[in-house]
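For the protein sequence lines, the chains are A and B, in the order given.
In terms of our numbering, the first sequence has 1174 at position 108, counting the first letter as 1, and numbering is strictly consecutive.
In terms of our numbering, the second sequence has 173 at position 159, counting the first letter as 1, and numbering is strictly consecutive.
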Amino acid sequence: MTGLLDQIIQAVLLGGLYAIFALGLAISVGVLKFINVAHGDLIVAMSFLMLTLTNSLGLPVPVALIVLIPVGAGVGWLLQFGLFQRAASQNELQIILITFGLSVIIQNGLLGLYGADTRKVTAGGIEMASINLFGNINAGVLPLIIFVTACLLIVGLEQILYRTGLGIQIRAIADAPAAAKLVGLRLAGLMAVAMAMVGITEAVSGGLMSIWTNFDPSSGSSRLLIAFEVVVLAGLGSFWGVLVGGIIIALAQTFGGMIDSAFQMLAGHIVFLVLFLFRPQGLFPKT
Amino acid sequence: MTSGFVIFGRLALAAGLICLCIAPFAFTPAVLVLLTQALSMLSLAMLWNLVAGYGNVMVIGQHAFVGIGAYAFYGFAMLAGLHMAVALPAAMAVTLAFGSMVYAMLYRLRTAYLAVGSWVVAETLMLVASRLPGFGGGSGASLPANLLRTFGARVPERLSTIYIMVLAVAVLTFVLIWALMRSRIGLGLAALRDNEEGAAVAGVNTRLVRAACFILAAPMVGLVGVLVTLQEGRISPVASFSMLDWTIYVLFIVVIGGLGSLEGPIIGTLVFFLLRELLQDYGTLYLITLGAISILIVLFAPTGLWGLARRKLGRDLIPLTHDPKTGGAS
């Protein structure tokens, strides 16, 4: 019984990481109206950058994480301004094709730079540490930190989008781009800012992922699929729905893995497809 | 008026087809293997172009149907012991059934969602295939020698038999798409490609037309999957459901050649295999180049190489459109 409870707690905490994967995609689907196929690869690229910062340059892990954030924001801003915005006049299909090409370039670029080996960032023992929650249930310190980070990111994004002038402008271009333009909003600039926010979530998730799990240059695809499943399950309602979606996928994978280790990924996909069949609009759609 | 370049282009197409027809007698086995691969890719490119280029259904999970075709064929031919002539159409029927189911599930999704959704389905099916009892699990299974021997006692004979089948499928795919595009459905598809809202306003049943091309393409992709299995002599989840081979390469071929045209996939396949011969020693650089070329093409020439050439030529090499001036086919 404690074993089961332990598994559930681990899965919920893993759901926090999945939620961070998905937050960026939720912004890009909700505001920018396209799916970035290279989202997972950008996350993995951030993990590799984290590896370089900590291993080759010898930065302590927290410092490396802080360095990563402006880099992520810059990459997002540049991608939107330099690449995606140029295709904005064309249809959605064109933008998917561009992000698809970008995904292949990033994957193979990482393969060329770092080789095909599976990597992991060591953070001086924090990844091993755990604290006692109650009874004989323990939780890892790192998964707890990641889960709290996910919650903080969600609160932060909600505050920015619903409490600030910038957020109102971004929501305006998301709801009615033509009308937003008429009242004098700078579409391209605001979209680049939104993509910079996506870049920050990519940097945070890539940085945290590199400490918790193994990764290699081809890991991006599975991260994208998880993020996609979480976003669709959540619906385009609230960011808290993304956290719930992440926990559902993580629970499905954990229970699948208990039956048979090869069943882990499959169980996540099947639960997603079944839920999607019954609720195509997601669990928390915008009313 | 048909210009000299158009006549030259048409002659080149005809000469190419004649070369392909006499290839088994004219070329070495190594060349034949290359041509077999190229024609398989061409068939897949034409079919993906039908779905994405004309039907505006952006799937990036086409590799699922290659894998289903391969696995269904193995099941019918090896596990059920059916004759080839039965196993082949049966495998196509299975892909048709899967194609209909997948479409029924995904058609509600918006463009971008549908793209990644079809990828999730493909990933799921690959994982299921690797767990199926009797199909060799994660490492796959080989076709036994006696089955392969029905295509010819010795390797060169087998190569030319399979080559002829692949050529026949490529020609059949081309003729099918050409005939479809000249029909009423094709008119709707062309309208859909040019402007989706406009097509709907003009009375095109966009839902029906899209479903028709997606569901028609599935069994043909499955058929290519069977032929790929015969070329390789084995099935495996990784190779039969390979996203790189059956979706990423195919997508690059169509984007580079020209999305939404009959000539595009042909030109794209030529360019793709030319680049492969030139750059394949450079490993990752080859794929980076392909990715960069396709991004540049989408940004600056969304109709691909053929779109650029067509602007100069002024008309299609493969007559498809109805000429408003003469009232007949141009």
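Glycine included, each C-beta is placed from N, C-alpha and C at the ideal position.
Through-space distance from residue j to residue i, alpha-carbon basis
i, j, result
"A205(B)", "A213(B)", "5 Å"
"G1311(A)", "N1121(A)", "34 Å"
"A343(B)", "I332(B)", "Any reading at A343(B) must be qualified, since the residue scores a pLDDT of 42, below 50, and its modelled position is unreliable; the value itself is stated next. C-alpha separation (whole angstroms): 11 Å."
"S256(B)", "V1296(A)", "24 Å"
"G1090(A)", "P170(B)", "54 Å"
"S1094(A)", "M179(B)", "45 Å"
"F19(B)", "P279(B)", "19 Å"
"T175(B)", "S254(B)", "21 Å"
"E1158(A)", "V1308(A)", "23 Å"
"I1101(A)", "Y127(B)", "7 Å"
"L1274(A)", "F1213(A)", "10 Å"
"S308(B)", "G217(B)", "34 Å"
"A29(B)", "A40(B)", "14 Å"
"K326(B)", "S17(B)", "10 Å"
"A1260(A)", "I1239(A)", "10 Å"
"L1343(A)", "L1079(A)", "26 Å"
"V1264(A)", "I1197(A)", "32 Å"
"V1137(A)", "G1286(A)", "18 Å"
"R172(B)", "L34(B)", "17 Å"
"A1153(A)", "P38(B)", "45 Å"
"D1072(A)", "T1320(A)", "11 Å"
"R1345(A)", "W133(B)", "19 Å"
"Q1076(A)", "E1193(A)", "14 Å"
"L203(B)", "E211(B)", "12 Å"
Test item: CB-CB of residue i and residue j under 9 Å
i, j, result
"I1086(A)", "L1219(A)", "yes"
"V238(B)", "V80(B)", "yes"
"A59(B)", "I267(B)", "yes"
"L319(B)", "G274(B)", "no"
"C227(B)", "Y85(B)", "no"
"L93(B)", "G148(B)", "yes"
"V135(B)", "L120(B)", "yes"
"P1428(A)", "L1177(A)", "Only positions 1067 to 1353 of chain A appear in the structure, and residue 1428(A) is not among them; the question remains open."
"I1357(A)", "V1270(A)", "No information on residue 1357(A) is available, as it lies outside the stretch 1067 to 1353 that chain A covers here."
"V242(B)", "S54(B)", "yes"
"V1340(A)", "G131(B)", "no"
7 Å CB neighbourhood of residue i in its chain, flanking five on each side removed
i, result
"G1014(A)", "An answer regarding residue 1014(A) cannot be provided, because it is not within the stretch 1067 to 1353 covered by chain A."
"L1227(A)", "G1233, I1236, R1237"
"S153(B)", "S250"
"A105(B)", "G83, A86, F87, F90, G236, V240"
Within-9 Å CB hit, residue i to chain A
i, result
"L265(B)", "yes"
"N160(B)", "no"
"I302(B)", "yes"
"L313(B)", "yes"
"A231(B)", "no"
"V142(B)", "yes"
Residue-level contact to chain B via CB, residue i, 9 Å cutoff
i, result
"T1068(A)", "no"
"M1331(A)", "yes"
"P1243(A)", "no"
"K1247(A)", "no"
"E1295(A)", "yes"
"S1169(A)", "yes"
"L1343(A)", "yes"
"A1240(A)", "no"
"S1285(A)", "no"
"Q1319(A)", "no"
"E1268(A)", "no"
"K1352(A)", "no"
"Q1160(A)", "yes"
"L1108(A)", "no"
Close beta carbons around residue i, own chain, < 8 Å, minus the five adjacent residues each side
i, result
"L230(B)", "L64, L190, L194"
"V1103(A)", "I1162, T1165, F1166, L1168, S1169, L1290"
"A155(B)", "Y88, M92, F149, R248, I249, S250"
"L322(B)", "A315"
"N1174(A)", "P1283"
Close Cβ partners of residue i (< 6 Å) along its chain, the five nearest in sequence each way excluded
i, result
"A232(B)", "F79, T109, L110, G113"
"R24(B)", "L331"
"L1254(A)", "In the sequence as presented, Leu is not what sits at residue 1254(A); that position holds Ala. Answer for A1254(A): Q1151, listed in chain order."
"A66(B)", "M72"
"P338(B)", "Only weak support exists for where P338(B) lies, its pLDDT of 45 falling under 50; the value from the coordinates is given anyway. Closer than 6 Å at the Cβ level, and outside the excluded window around P338(B), lies no residue."
"T340(B)", "The pLDDT assigned to T340(B) is 45, lower than 50, so where the model puts this residue is not dependable, and the model offers no usable value."
Partner residues on chain D for residue i, Cβ-Cβ distance less than 8 Å
i, result
"N63(B)", "This model lacks chain D altogether; the protein chains it does include are A and B."
Near the ligand ZN: residue i beta-carbon under 8 Å from a heavy atom
i, result
"F1344(A)", "Ligands displayed in this structure: none; no statement on the ligand ZN is therefore possible."
With a cut-off of 8 Å, do at least 3 Cβ pairs link the segment 1268 to 1280 of chain A to the segment 1200 to 1216 of chain A?
yes
Pairing CB atoms from the segment 1330 to 1342 of chain A with CB atoms from the segment 1126 to 1137 of chain A, are three or more of them under 8 Å?
no
Stretch-stretch touch, CB-based, cutoff 8 Å, three pairs: the segment 1297 to 1306 of chain A with the segment 137 to 151 of chain B
Contact between the segment 1297 to 1306 of chain A and the segment 137 to 151 of chain B is absent, because fewer than three Cβ pairs lie under 8 Å.
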